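*Asks:*
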Amino acid sequence: MSMTIKDKRTRTARRAHRVRAQVHGTAERPRLTVKRSLKHIYAQLIDDVQGKTLASASDKDVKTSGKPVEVAKEVGKALAAKAKAAGIAEAVFDRGAYRYHGRVAAIADGAREGGLNF
-4 MSMTIKDKRT
6 RTARRAHRVR
16 AQVHGTAERP
26 RLTVKRSLKH
36 IYAQLIDDVQ
46 GKTLASASDK
56 DVKTSGKPVE
66 VAKEVGKALA
76 AKAKAAGIAE
86 AVFDRGAYRY
96 HGRVAAIADG
106 AREGGLNF
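Pasting the structure below:
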């Protein structure tokens, strides 16, 4: 592996650790974490105290097609609906190593529209 790839992965890991050092989820206010790949996007509500996933959604679950940002917004709405069903009204947003932009911001916007408070 070349040094530039190692450096990029190291920077990404450090950025994620910086964000996660400030964000902590509980059962009443879980952490909404986002995983983004080139094709798909995933979101989870995680209770860090017990280490359990309380609800999850992905673009594989949401049967909509269109632009990636629009699909990500629908994923956020689907996650908010699952959170309401589980009795969760608030969450802490964890963007991980990603910028709050594009698909990551669209998940947050969709979750807010679905009734989840940050």
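Counting in my numbering, the sequence shown runs without a single skipped number right up to 113 at its last residue.
Beta carbons are placed, not taken as given, at the ideal position from N, Cα and C, and that holds for glycine.
Because the structure is a prediction, the values reported are computed rather than measured.
Could you check the C-alpha separation between Ser32 and Lys68 for me, to the nearest Å?
*Replies:* Here the question's residue 32 lines up with position 37 in the sequence shown. Here the question's residue 68 lines up with position 73 in the sequence shown. Distance between the alpha carbons of Ser32 and Lys68: 16 Å.
*Asks:* First and last residue of the beta strand (DSSP E) that includes Asp89?
*Replies:* What you label residue 89 is simply residue 94 of the sequence shown in a count that begins at 1. Segment Val87 to Asp89, the beta strand (DSSP E) holding Asp89.
*Asks:* Please determine, among Gln39, His12, Lys34 and Arg4, the residue with the shortest C-alpha to C-alpha distance to Lys77.
*Replies:* By 1-based counting over the sequence shown, the position of residue 77 is 82. When only C-alpha atoms are compared, the closest one is Gln39.
*Asks:* Where does Val44 land, buried or exposed, given buried means 16+ other C-beta within 10 angstroms?
*Replies:* Counting from 1 along the sequence shown, the entry for residue 44 is found at position 49. Exposed is the call here.
*Asks:* Whole angstroms is fine: what's the gap from Gly61's alpha carbon to Asp54's?
*Replies:* Position 66 of the sequence shown holds residue 61. Position 59 of the sequence shown holds residue 54. When rounded, the distance between both Cα atoms is 11 Å.
*Asks:* Can you tell me the Cβ-Cβ gap for Ala103 and Phe88, rounded? I've got them flagged as a contact below 8 Å.
*Replies:* Here residue 103 corresponds to residue number 108 of the sequence shown, with the count starting at 1. Here residue 88 corresponds to residue number 93 of the sequence shown, with the count starting at 1. About 6 Å separates the two Cβ atoms, so the contact holds.
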